[in-house]
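In what follows, a structure is listed as structure tokens, so that the remarks can point back to it.
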Amino acid sequence: MSNQVQVVAPDVEYLIEIAQSLNRPSGMSFTAGLLLGQLSVVLLVIVCFKYLLLEDVRYGRKPRSFSNRGIAIPAPPTKPSLPSTTTILGKTFYDVYDHTPESLDWMSVLMAQAIAQYRDDSKVNNRLIKALAEALNGGVRPDWVGHIRVTELNLGEDFPVLSRARIRPADQPAGSVRAEIDMDFNDQIMLGIETSVLINWPRPRIAALPVSLVLSVVKFQATITMQFNTIDGQQHISISTLPDFDLEFGVQSLLGARTKLEDVPKVTDLITSKLRGFFVDKCVYPNGRDIAMPTFWAKRDIYAKSQSNASSSSNIDNNNNNSSNGSLHKS
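As structure tokens, then:
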């Protein structure tokens, strides 16, 4: 008896039902699933940021070290050190011996604009004349000179010309440099005054000799030097003039009351020598004017010093109170 294989045909209706169940949409829509996924990512980022990067402020800050990573951190210096002059010249590519002097035409123009503004401001209400009169009649006036009246003041019309700026080695301190600038000024800066020379012997103010003077600066040619120096721990810029300067004065004098003597040579020589000596003592190298450089930490240093003084005063008061209380208990 031969074996017969019976093939059962699938039910067509059952297959259609399965296909429809596969194509039927799920209960959760695509938009809801996308939002849920994005929210999960955001929550994961927040958790990682909190536990990996942030710290709990209740337990304070823990010291960190880079020693595990093999990174060497140099200790901060106790005192900041300035680079040497040789280092600065090397990094700025400047040779103090071979570098060509530079023109300062732009500086001459800027200085001329500033001087023109100052000249115009000084004419308002004769403020400069009044200031000079107050200065001349101040504490520097000797007792044998009467009241000084400013009769004329002219600040000139031309402007100084700067040229040939260069960096050269300075005499002191060793290893330092200075800037040298040639200055040429030809004009007439004029000041006229009237006063009297008092004769105080045999008794005070027994007589007076009227004096009228007109002083003017006619020519000034010099090499101006500028150099940075440290004075009392603060940076200063020292400005002076080299000794090979050319300074010319003009002096007009008139002496006497009824009989007047005009332009006495001895008076002219005396005044000229005094003015030149004063300029040499105040402005010619190695003398000069030291100008303190502004610092960005001045207010902070003043505040810190005031706080330190206040703290010291408070400690002293507390010690005095404790001492007085102890003496009372003993008594």
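With this note's numbering applied, the sequence shown covers -7 to 323.
Glycine included, every Cβ here is placed at the ideal spot set by N, Cα and C.
All values reported here derive from a predicted model rather than from experimental measurement.
Take residue i and list the residues in its own chain whose beta-carbon comes closer than 6 Å to its own, dropping the five residues that flank it on each side.
i      : result
Glu240 : Val210 and Lys211
Asn178 : Lys211
Phe271 : none
Leu205 : Ile185 and Ser245
Asp174 : Ser155, Arg156 and Thr215
Pro165 : none
Ile263 : Val243
Tyr277 : Ser232 and Leu234
Arg281 : Ile231
Pro152 : Met175 and Phe177
Ala106 : none
Hey, out of the options, whose CA is closest to residue i's CA?
i      : options                           : result
Thr222 : Pro286, Ile121, Val243 and Phe271 : Pro286
Leu327 : Gln109, Leu27 and Ser168          : The question about residue 327 has no answer here: the residues shown for the chain are numbered -7 through 323.
Ile198 : Leu267, Cys40, Trp289 and Trp136  : Trp136
Leu81  : Gly269, Glu94 and Pro161          : Pro161
Gln109 : Leu46, Ala200, Leu147 and Lys274  : Leu147
Val88  : Leu102, Met182, Thr23 and Thr78   : Thr78
Met218 : Lys252, Arg170 and Pro202         : Arg170
Leu207 : Lys83, Cys40 and Ser265           : Ser265
Val142 : Met182, Leu31 and Gly29           : Met182
Ala200 : Arg250, Gly269 and Gly225         : Arg250
Asp236 : Ile121, Cys275 and Lys122         : Cys275
Go through its chain and collect everything with a Cβ distance to residue i's Cβ below 8 Å, but skip five positions before and after it.
i      : result
Asn129 : His139 and Ile140
Asp238 : Lys211, Phe212, Gln213 and Ala214
Tyr86  : Ile159
Arg195 : none
Asp113 : Arg119
Val203 : Glu186, Thr187, Ser188, Val189, Ser245, Leu246 and Leu247
Thr23  : none
Arg133 : Ile140
What are the partner residues of residue i, as DSSP defines its beta bridges?
i      : result
Leu190 : Ala200
Lys211 : Asn178 and Glu240
Ile185 : Val142 and Leu205
His228 : Asn221 and Ala284
Arg160 : Arg170
Ser155 : Asp174
Glu149 : DSSP lists no partner for Glu149.
Thr233 : Ile216 and Val276
Glu254 : Leu246
Glu94  : Ala157
Met137 : Here residue 137 is Val; the residue named in the question, Met, does not match the sequence. Val189.
Give me, in chain order, the residues of the same chain whose beta-carbon lies closer than 7 Å to that of residue i; leave out the 5 immediate sequence neighbours on both sides.
i      : result
Gln227 : Phe220 and Met285
Leu267 : Phe241
Leu96  : Leu154, Ser155, Ala157 and Ile173
Lys252 : Leu246
Original post:
Are three or more beta carbon pairs between the stretch 190 to 207 and the stretch 224 to 233 nearer than 8 Å?
Top reply: no
Subject >> Three-pair Cβ contact test at 8 Å for the stretch 253 to 271 versus the stretch 294 to 304 >> reply: no
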